[in-house]
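Novice:
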Amino acid sequence: MFDNVPASFVPDSDRPDLVFAHPDFDWAYNTDQLNTTAAILDQPVEAAEQEDSLAVVDEDFDREVTYGELQDRVNRLGNALLDAGLEPGDRVLYRLPTRLETLVTILALWKTGLVAVPSNHAHQARELEYFVTDTEASAIITTTEDLEATYEAIDGTETLTDLVMLTDEYNIPDVPVDVAIHDYEEIMEAADTHLEAADTAPLDVANICYTGGTTGKPKGCIWLHASNVAGSIVTSEDRAIDESSIMFNHAPMGHGFGMIDRTLTIRNGPTQIFKARPSPNEVVQIIDEHNVTRFGGVPTIWRMIINEGLLAEHDLSSLSEVLLTGETTDRETFDRITEHLGFEPCNVVGMNPMGGVFPFIRSYSGGDKVAPLHSVGRPVPGLEAKVVNEDGEQVARGELGRLAVRGPTGIAYWQNEHPGVGDRQHEDTLDGWSLVDDIYRKDEDGWLWFETRLDNMIVSGGRQIAAPEVEEVLNDHPAVAESAVVGKPDETRGEIVKAFVTLTDDATPDDTLVTDLQDHTKSAMAKYKYPREIEFLDELPKDEVGKLQRAQLREQG
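The letter at position 162 of the sequence shown is residue 162 when you use UniProt numbering, and the numbering goes up by one with no holes.
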């Protein structure tokens, strides 16, 4: 396990037990070699004779690429990287937007046995330097956008030898750093189109994906080739993805969901629509114009689409699947999506620490929504889940607890520069099970219901209050556009409920409205749950995919 990277960088204890019990995963026990790109691209394309099928439509560059052309590009870039002196096991950071070259880069890194380290242009120099230093990366692949941050990051590291720059036909700018510089297109054009996949082992490292959290510095999450391939199989089959599927995802490709939904799903030959940083209006335009059948994104993008009145302006009848992930979906948003589309969206659960099986909890089966209402569903085939208490003991049906999962993937953190990651590895694994930072309950029928993030559970006066529950009530008030609830330290109660609220255009942020909102929550839920403090903001802080940044609000107090 983890044999293609230095042993000092991977957990030596508290490792997850990887179980490949699904009948389609038995190769994990019967082969010494497994390569993600070979398994999800080369072998399926050859078997189905899909070379001429449309793989990607890149909106920003007005181009289309077939699966055969995609293979050629992957092989050329893979050969070019190896010709530059990179070797299997070397870590390579890519800082690219959502475009064709990003897909090519990821697949080429996997195929050559290089380890992909995703990033994007939202990450600044300090973060990039940390990613490179922590992984001891050998190369960066990037565009000419925001080069100052890339140069500053390179200047503070010691292991980098190569910088591959996607210039879009512009000249490479002056580079004030001491590394070998390569033009992406030039090295590809000079490279051969034939490339044998590296003989990676099933449990070799394929990705190191960074995630935030409460431990300060980002944690590097290790993904394995076997987990990627297992995730590709179960996701493609369970969602009934095939060559008729037209897929579009709002998340950037430096984000776990954005990467997986555009890479591991290609096994069954769908067409992917790419658009970097699409606005709400561009999202519905693309769905309408390309007859998109499957769309994935955070609930925030749907709230923006709804609030801007865009649903009535476009025909979204081609959609047969909407995946919601990244944050809690409030009832109003869920119901309005359902009302307009005529079917319920699917809440799903995935996270960077759980690797390439994304989602690992889903509310669909065989392409159909099966879970009731807001339930996130059940584990994907080949994975088991239970709800446990603080001692790791399974709780009774209906009781709240932390979600524990086990299957073809599990939590394993990269261990180098992060000072507390060893302790976090111990906290997030128990007897081979991986412990998710979420609170769930399992009902009498075995359906899982998300309650809150572990760090979103507010304990006030000894009583537990789930922040999303308070938010849902606040969002029902006609003056509220969006809300976010956090726990604020309090000498008497331990914590109090504090709400940050953005308002609709005709609302006035004053003390009268504060009282009105407090009375509104008291009338809709137990009175101890009401927000004792309310602060009005112009907008809530969110990351590049629109996910609410609660940690920032906690710091504001």
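No residue lacks a Cβ here, since even glycine has one placed at the ideal position from N, Cα and C.
Does Q394 come out as helix, strand or coil in the three-state DSSP assignment?
Specialist: Correct three-state label for Q394: strand.
Novice: Pick helix, strand or coil for F248, following the three-state DSSP scheme.
Specialist: If DSSP states are grouped into helix, strand and coil, F248 belongs with the strands.
Novice: Leaving out the 5 sequence neighbours to the left and right, which residues in its chain are closer than 7 Å to L540 when beta-carbon positions are compared?
Specialist: So the qualifying residues of the chain are E482, A484, F500, T502, L548.
Novice: Going residue by residue through the segment 337-393, where are the continuous alpha helix (DSSP H) segments of at least 4 residues, counting only ones entirely within it?
Specialist: With a minimum length of 4 residues, no continuous alpha helix (DSSP H) run stays inside the segment 337-393.
Novice: Within 10 Å of its beta-carbon, does Q394 have 16 or more other beta-carbons around it, so buried, or fewer, so exposed?
Specialist: By the 10 Å Cβ count, Q394 comes out exposed.
Novice: Could you have a look at H182 and say whether DSSP puts it in helix, strand or coil?
Specialist: Three-state result, H182: strand.
Novice: Is the Cβ-Cβ distance between G432 and D62 less than 9 Å?
Specialist: Their beta carbons are not under 9 Å apart, which means G432 does not touch D62 by this criterion.
Novice: Looking at the secondary structure, which residues open and close the alpha helix (DSSP H) in which K527 lies?
Specialist: Segment: none, K527 is in no alpha helix (DSSP H) and carries neither H nor E.
Novice: Looking at V486: is its Cβ nearer than 9 Å to the Cβ of A467?
Specialist: Cβ atoms of V486 and A467: closer than 9 Å.
Novice: Is Q415 buried or exposed, if buried means 16 or more other CB atoms sit within 10 Å of its CB?
Specialist: Its Cβ being crowded by 16 or more others within 10 Å, Q415 is buried.
Novice: What is the DSSP secondary structure of L114, reduced to helix, strand or coil?
Specialist: Coil at L114, not helix or strand.
Novice: Where S317 and D261 are concerned, what is the direct C-alpha to C-alpha distance, given to the nearest angstrom?
Specialist: Whole-angstrom Cα-Cα distance: 21 Å.
Novice: Note the first and the last residue of the continuous alpha helix (DSSP H) segment covering R554.
Specialist: Segment 550-556, the alpha helix (DSSP H) holding R554.
Novice: Keeping to the same chain, check which residues put their C-beta closer than 7 Å to that of S236; ignore five residues upstream and five downstream.
Specialist: For S236, where only same-chain residues beyond five positions count, the Cβ hits under 7 Å are T265, R267, N268.
Novice: I need the DSSP call for I241, collapsed to helix, strand or coil.
Specialist: Coil.
Novice: In terms of residues, what are the limits of the beta strand (DSSP E) holding A99?
Specialist: A quick correction: the sequence has Arg, not Ala, at residue 99. No beta strand (DSSP E) holds R99; DSSP gives it neither H nor E.
Novice: What is the C-beta distance between F257 and I273, in whole angstroms, given that I count them as a contact (C-beta under 8 Å)?
Specialist: Contact doesn't hold; Cβ gap of about 16 Å is too wide.
Novice: For a quick check, are the C-beta atoms of H340 and L311 less than 9 Å apart?
Specialist: It is a contact, given that the beta carbons lie within the stated cut-off.
Novice: Do G220 and V514 have their C-beta atoms within less than 9 Å of each other?
Specialist: No, they are not a contact pair.
Novice: Could you tell me the alpha carbon to alpha carbon distance between L34 and G296, rounded to whole angstroms?
Specialist: One C-alpha to the other measures close to 28 Å.
Novice: If you check the beta carbons only, do I233 and F360 fall under 9 Å apart?
Specialist: For I233 and F360, no; Cβs fall outside 9 Å.
Novice: DSSP three-state call for N207: helix, strand or coil?
Specialist: Strand.
Novice: Just the C-alpha distance for L160 and S138, rounded to the nearest angstrom, thanks.
Specialist: If I take the Cα positions, the gap works out to 4 Å.
Novice: At 3 residues or longer, and completely inside the UniProt domain "AMP-binding enzyme C-terminal" (469-547): list those beta strand (DSSP E) runs for me, N to C.
Specialist: Correct list: 480-490, 494-503, 533-536.
Novice: Leaving out the 5 sequence neighbours to the left and right, which residues in its chain are closer than 6 Å to I241 when beta-carbon positions are compared?
Specialist: T265, N268, P270.
Novice: Return the bridge partner residues of I458 from the DSSP annotation.
Specialist: According to DSSP, which records beta bridges pairwise, I458 is partnered with I465.
Novice: DSSP three-state call for T143: helix, strand or coil?
Specialist: Looking at T143 - three-state DSSP - the assignment turns out to be strand.
Novice: Counting C-beta neighbours from all protein chains within 10 Å, is the total for E148 16 or more, i.e. buried, or is it exposed?
Specialist: E148 is exposed by the Cβ-count criterion.
Novice: Select from E472, T512, D455, L474 the residue whose C-alpha is nearest the C-alpha of K488.
Specialist: If we check each option's Cα against that of K488, D455 comes out closest.
Novice: Roughly how far, in whole angstroms, is the beta-carbon of I187 from the beta-carbon of A80, given that I think they are within contact range, below 8 Å?
Specialist: At roughly 4 Å, the Cβ-Cβ gap stays under 8 Å, so I187 and A80 are in contact.
Novice: Going by the CB atoms, is the gap between P118 and H255 shorter than 9 Å?
Specialist: Cβ atoms of H255 and P118: closer than 9 Å.
Novice: What residue from E243, G85, A198 has the CA that sits closest to E49's CA?
Specialist: Looking at the Cα atoms, E243 is the closest of the given residues.
Novice: Just verifying my parser: in three-state terms, what is the DSSP assignment at L18?
Specialist: If DSSP states are grouped into helix, strand and coil, L18 belongs with the strands.
Novice: Ordered along the chain, which non-local residues of its own chain (more than five positions away) have a Cβ less than 6 Å from that of T102?
Specialist: Around T102: L96, M253.
Novice: Buried or exposed: which applies to residue 565, given that a residue is buried once 16 or more other Cβ atoms fall within 10 Å of its Cβ?
Specialist: As displayed, the chain neither begins before 1 nor continues past 557, which places residue 565 out of reach and without an answer.
Novice: Give the C-beta separation of R550 and V497 to the nearest angstrom, bearing in mind that I take them to be a contact with Cβ-Cβ under 8 Å.
Specialist: About 13 Å separates the two Cβ atoms, so there is no contact after all.
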